[in-house]
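K.L.:
Please find one structure pasted underneath; my questions will follow.
Numbering (the numbering used here), first residue to last: 444 to 959.
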């Protein structure tokens, strides 16, 4: 009898609710176990059951599990490996439980109201529940007088608009939905970096955009007062920038903030104008990706990239950052010399959606059309024609249903790179490595062996950017060195990585010194 290719096992844990972050951690832990080809930790909500069914775990497997039941599911090389992975997932879930105090464990609150009773001085509620229930819990938090960081996604645009309308009336903030990053008075929430306090306040409708500018300001010795992530849809016409306006007004009145930096994925121009109109007493700079030509109020300037936005903000508070392109031209020339002339195409594999947008903007202007699953323009959506430049946002929903975000688990990215990057037309593999709280403990360590293999025997060159602060738990310097040791070209900013990739693909090293 032949040995089966894999074994699929699941485990239902009744009456065990886990928020999104705990589910991601458990999924990541199971995925990293020996012999595991797929793993998922999912609440058995209707959408959760659907995602499990897509992976072959239908009703006959998970039975009558309901919305308050946790399902751990794996596919592995054999039953022993599968059981070990399920055990590791359960351990990861229970490791998050409250520590025992004396002879009894502190009972966790089961509602926002109970949480406020236990922590009467709290000012922010972090909502991380399935999207079907997120809006209701956010309303409970607003009723309790709390600002909300709505980490959950899959919240409808109508629910978001209502939440933000109500928050505005109450003088509160709703950060999100899908708000992955915030730093409030030095406390990081979600996927935040360990950045120093400083005079620049950041308002961002872009999670990794917020991380990029705050990490750059940290590394340049500037620091941030607050980072307020308002959710990627806030500057759309449907939402009208309601929370971005409120956040700008708050920073404009904040004594610890001397300058304001706004960051957004492609916004509505009309809404962007309204948001900039809230900057009345403090100088400001805005990076609205794809929107760098519009009239601005006095005291507000536009920047084209995240890099130039952070540079401008630093200058507003009297700091002159170091040059960001030093030495890159020489490294690019060496990379070009090592390539077969057929290699002219860029393939990008991003964990940060905003960084993917920025790279599309830069490479598209220099080399022509760039295609993506999250394109700047709808006509550049996938599938791409043969020989096209393609940049993927691997944090998008189609890559994360039933799997951890690539910041937490590099597995999807490794699979794609191994399957695609050795194409004989590919000149550059372009990627980001995002550090900080919530990210993988050693992403460069996981990526480096595969990147080395990709570059071997005349393969494409790898251009990488490490997004992180000096004091991030993974160690910015160590992560960067791990990539450089295997031959990656590692740049000072995400924008510089895009310029370097374009320079290699077009055989024009001078592009690396573009200053826009």
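Yeah, the Cβ is synthetic: ideal placement off N, Cα and C, and Gly gets one too. Note that the coordinates shown come from a computational prediction; the quantities given were computed from them, not determined experimentally.
1. Please classify residue 571: is it buried, with 16 or more other beta-carbons within 10 angstroms of its beta-carbon, or exposed?
2. Might you give, ordered along the chain, the residues of its own chain that have their beta carbon closer than 7 Å to the beta carbon of residue 670, omitting 5 neighbours on each side?
3. Whole angstroms are fine: how far does the CA of residue 825 sit from the CA of residue 777?
4. Only counting the same chain, and skipping five residues up and downstream in sequence, which positions put a Cβ closer than 6 Å to that of residue 800?
5. Taking the runs of the alpha helix (DSSP H) that are 4 residues or longer, which of them lie wholly in the segment 689 to 728?
6. With residue 789 as the anchor, note down where its beta strand (DSSP E) starts and where it stops.
7. On the DSSP letters alone, give me the boundaries of the beta strand (DSSP E) that residue 479 sits inside.
8. With distances taken between CB atoms, is the gap from residue 762 to residue 665 smaller than 9 Å?
9. Whose C-alpha, out of 610, 528, 573, is nearest the C-alpha of residue 567?
10. Where residue 662 and residue 906 are concerned, what is the direct C-alpha to C-alpha distance, given to the nearest angstrom?
11. On a CA-only basis, which of 500, 604, 462, 904 is nearest residue 553? Give me that one, please.
12. Whole angstroms is fine: what's the gap from residue 741's alpha carbon to residue 691's?
13. Can you name the residues that DSSP bridges to residue 633?
14. Taking only the alpha-carbon atoms, compute the straight-line gap between residue 943 and residue 925 and give it to the nearest angstrom.
15. With distances taken from CA atoms, which of 555, 562, 455, 588 is nearest residue 577?
16. Residues in its own chain within less than 7 Å of residue 720 by CB, not counting five upstream and five downstream?
17. Less than 9 Å between the beta carbons of residue 675 and residue 714, yes or no?
18. Roughly how many angstroms lie between the CA atoms of residue 517 and residue 723, to the nearest whole one?
19. Kindly list the residues whose CB is nearer than 7 Å to the CB of residue 903, restricted to its own chain and excluding five residues on each side of it in sequence; keep chain order.
20. Please name the residue, chosen from 592, 638, 917, that lies closest to residue 882 on a Cα-to-Cα basis.
21. Could you name the residues of the same chain whose beta carbon sits closer than 6 Å to that of residue 467, not counting the 5 residues immediately before and after it, in chain order?
22. At what residue ranges does the segment 548 to 602 contain a whole run of the beta strand (DSSP E), taking only runs of 3 or more?
23. What would DSSP say about residue 450, mapped onto helix, strand or coil?
24. Just mark residue 499 as buried or exposed, buried being the case when its beta carbon has 16 or more other beta carbons within 10 Å.
25. Can you name, in chain order, every residue of its own chain whose Cβ lies under 8 Å from the Cβ of residue 712, other than the five neighbours on each side?
26. May I have the straight-line CA-CA distance separating residue 455 from residue 798, to the nearest angstrom?
27. Beta-carbon separation of residue 789 and residue 833 under 9 Å?
28. Please return the same chain residues whose Cβ sits closer than 7 Å to the Cβ of residue 453, not counting the five positions on each side in sequence.
29. Report the option in 855, 573, 628 whose CA atom is closest to the CA atom of residue 620.
30. Out of 809, 502, 839, state which residue places its alpha-carbon closest to the alpha-carbon of residue 818.
31. At the level of alpha carbons, what is the spacing between residue 772 and residue 950?
32. Rounded to whole angstroms, what is the Cα-Cα separation between residue 490 and residue 579?
33. For a test of the three-state rule: what should DSSP assign to residue 926, helix, strand or coil?
34. Which complete beta strand (DSSP E) runs does the segment 646 to 686 hold, if anything under 3 residues is left out?
35. Using a threshold of 9 Å, state whether the C-beta atoms of residue 682 and residue 748 are closer than that.
36. Taking 7 Å as the limit between beta carbons, can you name the residues of its chain near residue 546, skipping five residues before and five after?
P.N.:
Let me lay it out:
1. As a working mapping, residue 571 is identified with position 128 in the chain shown. Flag for residue 571 reads buried.
2. As a position in the chain shown, residue 670 is number 227, starting the count at 1. Contacts found: 624, 625, 626, 645, 647, 653, 657.
3. The residue given as residue 777 occupies position 334 in the chain shown. The residue given as residue 825 occupies position 382 in the chain shown. Near 32 Å, if we compare the C-alpha coordinates of residue 825 and residue 777.
4. One-based indexing of the chain shown puts residue 800 at position 357. For residue 800, where only same-chain residues beyond five positions count, the Cβ hits under 6 Å are 708, 732.
5. 712 to 719
6. For this step, residue 789 is matched to residue 346 along the chain shown. 788 to 793 is the extent of the beta strand (DSSP E) around residue 789.
7. Residue mapping note: residue 479 aligns to position 36 of the chain shown, counting from 1. Its beta strand (DSSP E) spans residues 479 to 486.
8. As a working mapping, residue 762 is identified with position 319 in the chain shown. As a working mapping, residue 665 is identified with position 222 in the chain shown. Contact flag set, yes.
9. Stepping through the chain shown from its first residue, residue 567 is reached at position 124. With distances taken between Cα atoms, residue 567 lies closest to 610.
10. Walking along the chain shown from the start, residue 662 turns up at place 219. Walking along the chain shown from the start, residue 906 turns up at place 463. Per the coordinates, the alpha-carbon of residue 662 lies some 20 Å from the alpha-carbon of residue 906.
11. Translated into positions along the chain shown, residue 553 becomes position 110. The residue with the shortest Cα to Cα distance from residue 553 is 462.
12. Here residue 741 is taken as the residue at index 298 of the chain shown, counted from 1. Here residue 691 is taken as the residue at index 248 of the chain shown, counted from 1. Distance from the CA of residue 741 to the CA of residue 691, rounded to the nearest whole angstrom, comes to 15 Å.
13. Here residue 633 refers to the residue found at position 190 of the chain shown. The partner list for residue 633 (beta bridge, DSSP) reads 624.
14. As a working note, residue 943 is residue 500 in the chain shown. As a working note, residue 925 is residue 482 in the chain shown. Whole-angstrom Cα-Cα distance: 19 Å.
15. Within the chain shown, residue 577 is the residue found at index 134, counting from 1. Of the listed residues, the one whose Cα sits closest to residue 577 is 555.
16. Stepping through the chain shown from its first residue, residue 720 is reached at position 277. 740, listed in sequence order.
17. The sequence position of residue 675 within the chain shown is 232, counting from 1. The sequence position of residue 714 within the chain shown is 271, counting from 1. It is not a contact, given that the beta carbons lie outside the stated cut-off.
18. As a working note, residue 517 is residue 74 in the chain shown. As a working note, residue 723 is residue 280 in the chain shown. Their backbone Cα atoms lie some 54 Å apart in a straight line.
19. If you number the chain shown from 1, residue 903 lands on position 460. 786, 864, 869, 870, 871, 872, 897, listed in sequence order.
20. Here residue 882 corresponds to residue number 439 of the chain shown, with the count starting at 1. Considering only alpha carbons, the answer is 917.
21. As a working mapping, residue 467 is identified with position 24 in the chain shown. Closer than 6 Å at the Cβ level, and outside the excluded window around residue 467, lie 847, 851.
22. 567 to 570, 590 to 593
23. By one-based count along the chain shown, residue 450 stands at place 7. Note: residue 450 maps to strand in three-state DSSP.
24. In the chain shown, residue 499 corresponds to position 56, counting from 1. By the neighbour-count rule (16 or more Cβ atoms within 10 Å), residue 499 is not buried but exposed.
25. Taking the first residue of the chain shown as position 1, residue 712 is located at position 269. Around residue 712, the same chain offers 734, 737 as residues with beta carbons nearer than 8 Å, after the five sequence neighbours per side are excluded.
26. Here residue 455 refers to the residue found at position 12 of the chain shown. Here residue 798 refers to the residue found at position 355 of the chain shown. Residue 455 and residue 798: Cα-Cα distance of roughly 38 Å.
27. Looking up residue 789 in the chain shown gives position 346. Looking up residue 833 in the chain shown gives position 390. It is a contact, given that the beta carbons lie within the stated cut-off.
28. Along the chain shown, one-based indexing puts residue 453 at 10. Around residue 453: 500, 504, 505, 514, 515, 516.
29. Within the chain shown, residue 620 is the residue found at index 177, counting from 1. The option with the nearest alpha carbon to residue 620 is 573.
30. Position 375 of the chain shown, counted from the start, is the residue given in the question as residue 818. Of the residues 809, 502, 839, the one whose Cα lies closest to the Cα of residue 818 is 839.
31. For the purposes of this step, residue 772 is taken as the residue at position 329 of the chain shown. For the purposes of this step, residue 950 is taken as the residue at position 507 of the chain shown. Cα-Cα distance, rounded: 11 Å.
32. To locate residue 490, count along the chain shown from 1; it is residue 47. To locate residue 579, count along the chain shown from 1; it is residue 136. Distance between the alpha carbons of residue 490 and residue 579 is about 17 Å.
33. Here the question's residue 926 lines up with position 483 in the chain shown. In the structure shown, residue 926 sits in a helix (DSSP, three-state: H, G or I).
34. Here the runs fully enclosed are 667 to 672.
35. In the chain shown, residue 682 corresponds to position 239, counting from 1. In the chain shown, residue 748 corresponds to position 305, counting from 1. Not in contact: residue 682 and residue 748 (Cβ atoms no closer than 9 Å).
36. In the chain shown, the residue the question calls residue 546 occupies position 103. The predicted position of residue 546 is uncertain, since its pLDDT is 42 and thus under 50; a value taken from the coordinates is nonetheless stated next. Hits under 7 Å: none found.
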